[in-house]
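Note sheet for the following structure.
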Amino acid sequence: MTNLVSVDVTDGFHLVIDALKHNDIDTIFGLVGIPITDLARLAQAEGMRFIGFRHEQNAGNAAAIAGYMTQKPGICLTVSAPGFLNGLTALANATTNCFPMILISGSSEREIVDLQQGDYEEMDQLNAAKPYAKASYRINKAEDIGIGVARAIRAAVSGRPGGVYLDLPAQLLAQTIEAGHAKRSLVKVVDPVPRQIPAPDSVQRALALLKGAKKPLILLGKGAAYAQADADIHALVERTGIPYLPMSMAKGLLPDTHAQSASAARSYVLAEADVVVLIGARLNWLLAHGKGKTWGKPKQFIQIDISPTEIDSNVAIAAPLIGDIGSCVAALLDGLDGAGIAKPDAEWLGPIAERKEQNMAKMTALLNRDAAPMNFHTALRAIRDVLKQHPDINLVNEGANTLDYARSIVDQYQPRKRFDSGTWGIMGIGMGYAIGAAVVSGKPVVAIEGDSAFGFSGMELETICRYELPVTTIIFNNNGVYRGTDVNPTGGKDVAPTVFVKNARYDKMIEAFGGIGYHATTPEELTRALSEAIAAGKPALINAVIDETAGTESGRLTNLNPQSNAKK
Ligand code: ADP
0 MTNLVSVDVT
10 DGFHLVIDAL
20 KHNDIDTIFG
30 LVGIPITDLA
40 RLAQAEGMRF
50 IGFRHEQNAG
60 NAAAIAGYMT
70 QKPGICLTVS
80 APGFLNGLTA
90 LANATTNCFP
100 MILISGSSER
110 EIVDLQQGDY
120 EEMDQLNAAK
130 PYAKASYRIN
140 KAEDIGIGVA
150 RAIRAAVSGR
160 PGGVYLDLPA
170 QLLAQTIEAG
180 HAKRSLVKVV
190 DPVPRQIPAP
200 DSVQRALALL
210 KGAKKPLILL
220 GKGAAYAQAD
230 ADIHALVERT
240 GIPYLPMSMA
250 KGLLPDTHAQ
260 SASAARSYVL
270 AEADVVVLIG
280 ARLNWLLAHG
290 KGKTWGKPKQ
300 FIQIDISPTE
310 IDSNVAIAAP
320 LIGDIGSCVA
330 ALLDGLDGAG
340 IAKPDAEWLG
350 PIAERKEQNM
360 AKMTALLNRD
370 AAPMNFHTAL
380 RAIRDVLKQH
390 PDINLVNEGA
400 NTLDYARSIV
410 DQYQPRKRFD
420 SGTWGIMGIG
430 MGYAIGAAVV
440 SGKPVVAIEG
450 DSAFGFSGME
460 LETICRYELP
470 VTTIIFNNNG
480 VYRGTDVNPT
490 GGKDVAPTVF
500 VKNARYDKMI
510 EAFGGIGYHA
520 TTPEELTRAL
530 SEAIAAGKPA
540 LINAVIDETA
550 GTESGRLTNL
560 NPQSNAKK
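Residue numbers (numbering that gives the first Met the number 0): 0 to 567.
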């Protein structure tokens, strides 16, 4: 018999869990399989929440929105190769939107992958992830798990937040390590999101520019919502008296009903303003790159951003303010009184108020029109009125027309309550974001989905039912992508590329998993269904039948479709 000295050991599986828990991470979104099934089991056994999905992209989207809501990296766990690639879409989306998340994927045997000898799910995942992530790391030794996880966390949340890829080879998980050594190897990230104070002279430059402005405008982006500097942003808007525009995910930073909101006079203020203060918003395609007809008269920009390379991305920025939004806005507030900045006068505010009134009257007329079947306006009027009673509800929104109309019709009252297609303008975030938001907040979620957009993540209805999440999904069902009326010009048997099964009953899908299905054909039925579903707090789906002729090609992005010059 060998004389064994008993040594207390642990392994890679346990260390990964310990390293996450050591940094107060308590939830993993993922999908199990080789080689990470035991990692998920163990996470649950050790008291973490594991939310299992039906497709990795949706798990990744849930993790990303969790990161956006909490300023802690959302964790997505996947298997190797295809599972990793499915998750990578969400990681790229998170990086593009500046959401902190970590995609952790198991990977196949290094020596076989590197020699391309053909392993099960063989893929060089680390290098595949690099172009789409803020940072990518692989951990090869159990004793490096502590530092590797810490590194990933800091990379995700510090500076401009983004997606980080963490590669865990199967062999690493099974590696054993002496327990005391393992414990000592854990790293708690100190000050993961350090304040970044703006330079005093850049604050003075911004204040001086604001002082000279006759027609100033504040533009709030989702970076401002992410920063959780709500009170100071509120104070800046109200103390300066400057009209403001929220980008879609910044809606609710101040209630959309705020007197200074210029949303209903958007085109007017963008064209007429002389000084624009950008707070956590990029001058990308969503803002017509800061130039051209949208922006009308010449203007100067003050831009607050944590990322110095964002400055001068499209047009010259007269007063860059580099730092975290909390510190930058606080510095502007400190300097306001001394700078002698007067509130904007009636010459600027008068015409804005006039336009707001005109446009709001036009919108009210559209919303109140009786339409059978429902169109986007009448359906959204019903939803708007119900959601007004629930100002703290989380709203997920995607689709083309469904996104465009809901964004301008449904008001938000609280910060970080609206989650949508974001910087890429993509479809497919719906059920992932809805699940992430429900899990993180413990509060109800309403997802307003185009029928096409819903298709990308529809199978997660099962996930919603399995975890009994208070998610109500409303499908704007107009029988197709954009609308349901296209026909195949050849007269052939296949339907047109944009058309779905007519009169589909999406409400029956959720019933298969034990959720509640509603079929609504009038605003009254929709009001009743939504009120009942929110009150029940149970998984529900409302199939809202919309006029199949109602949609516009690509919603407001019709101009992005190239036109064929060789039409026969
Ligand atoms: P939107 O789509 O709403 O216009 P963007 O995603 O384009 O917003 O812009 C968000 C910007 O906010 C990014 O440039 C990002 O660097 C910046 N940002 C994110 N978090 C912070 C923060 N805490 N402090 C300063 N800037 C931030």
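Note that CB positions come from ideal geometry on N, CA and C, so glycine has one too.
Limits of the unbroken alpha helix (DSSP H) element including residue i
i, result
"His21", "Gly11 to His21"
"Phe49", "No alpha helix (DSSP H) holds Phe49; the beta strand (DSSP E) holding it covers Arg48 to Gly51."
"Ile111", "Arg109 to Asp113"
"Asp344", "Note, Asp344: premise wrong, no alpha helix (DSSP H); not H, not E."
"Glu467", "Neither: Glu467 is in no alpha helix (DSSP H) and is coded neither H nor E."
"Thr26", "Segment Thr26 to Gly29 is the beta strand (DSSP E) holding Thr26; no alpha helix (DSSP H) there."
"Pro193", "Here Pro193 belongs to no alpha helix (DSSP H), and DSSP marks it neither H nor E."
"Asp231", "Asp229 to Thr239"
"Ser135", "Looking at the DSSP string, Ser135 is not in any alpha helix (DSSP H); the run it does join, the beta strand (DSSP E), is Ala134 to Arg137."
"Pro72", "No alpha helix (DSSP H) holds Pro72; DSSP gives it neither H nor E."
"Arg527", "Pro522 to Ala535"
Residue i - containing beta strand (DSSP E), residue span
i, result
"Val444", "Val444 to Gly449"
"Thr489", "No beta strand (DSSP E) holds Thr489; DSSP gives it neither H nor E."
"Met100", "Met100 to Ser106"
"Ile509", "It is not in any beta strand (DSSP E) - Ile509 instead sits in the alpha helix (DSSP H) that spans Tyr505 to Glu510."
"Gly162", "Gly162 to Pro168"
"Thr175", "Thr175 to Glu177"
"Tyr432", "Run containing Tyr432: none in the beta strand (DSSP E); it sits in the alpha helix (DSSP H), Gly429 to Ser440."
"His518", "Ile515 to Ala519"
"Ala318", "Ala318 to Ile321"
"Gly279", "Here Gly279 belongs to no beta strand (DSSP E), and DSSP marks it neither H nor E."
"Arg406", "Counting along the chain, Arg406 falls outside any beta strand (DSSP E), though it belongs to the alpha helix (DSSP H) covering Asn400 to Ile408."
8 Å contact criterion, which residue i and residue j should meet: CB distance rounded
i, j, result
"Ile146", "Val78", "Wrong, their Cβ atoms sit about 24 Å apart, outside the cutoff."
"Thr471", "Ala539", "5 Å"
"Gly322", "Ile340", "Not quite, the Cβ-Cβ distance comes to about 20 Å (not below 8 Å), so this is no contact."
"Glu397", "Met373", "Actually they do not touch by this definition, with Cβ atoms about 19 Å apart."
"Leu556", "Ile541", "At roughly 26 Å, the Cβ-Cβ gap does not stay under 8 Å, so Leu556 and Ile541 are not in contact."
"Ile50", "Ala61", "7 Å"
"Gly105", "Ala169", "6 Å"
"Val275", "Gln259", "In fact, because the Cβ distance is near 15 Å, the residues do not count as touching under 8 Å."
"Ala532", "Ala519", "Not confirmed; about 11 Å, so no contact."
"Cys97", "Gly222", "6 Å"
"Val163", "Ile101", "5 Å"
"Ala132", "Leu90", "6 Å"
"Val6", "Leu38", "Val6 to Leu38, Cβ: 23 Å. No contact."
CB of residue i within 8 Å of CB of residue j, strictly
i, j, result
"Ile301", "Ile310", "no"
"Lys442", "Asp410", "no"
"Met246", "Arg417", "no"
"Ala228", "Thr9", "no"
"Val202", "Ala280", "no"
"Ala399", "Tyr267", "no"
"Leu320", "Ala205", "yes"
"Ser107", "Glu120", "yes"
"Ala151", "Leu165", "yes"
"Val444", "Asn476", "no"
"Phe512", "Leu468", "no"
"Ala534", "Ile473", "no"
"Arg238", "Leu332", "yes"
"Asn85", "Gln124", "no"
"Ser326", "Gln195", "yes"
"Ala18", "Leu185", "yes"
"Gly514", "Ile463", "yes"
"Ile138", "Ile74", "no"
"Ile447", "Ala405", "yes"
DSSP-derived helix/strand/coil call for residue i
i, result
"Arg380", "helix"
"Asp255", "coil"
"Cys97", "coil"
"Val395", "strand"
"Ala565", "coil"
"Met0", "Note on Met0: pLDDT 48, under 50, position unreliable in the model; the coordinate value appears next. Met0 falls in the coil class under three-state DSSP."
"Ser262", "helix"
"Thr548", "coil"
"Ile310", "coil"
"Gly479", "strand"
"Ile474", "strand"
"Val498", "strand"
Residue i beta carbon near the ligand NAD (any heavy atom closer than 7 Å)
i, result
"Gly29", "Absence of the ligand NAD is noted for the structure shown, with the ligand ADP being the only ligands found."
Short CB-CB distance (under 8 Å) between residue i and chain B
i, result
"Asp23", "Judged by its chain identifiers, the structure shown contains no chain B, having just a single protein chain."
Query - Three or more C-beta pairs below 8 Å linking the stretch 199 to 217 and the stretch 283 to 294 - result: Counting Cβ pairs under 8 Å, fewer than three are found: no touch.
Query raised in the report: Is the stretch 344 to 359 close to the stretch 493 to 512, with three or more CB pairs under 8 Å?
Result: They do not touch, by the three-pair rule.
Query raised in the report: Does the pairing of the stretch 423 to 439 with the stretch 500 to 514 give three or more beta-carbon distances under 8 Å?
Result: no
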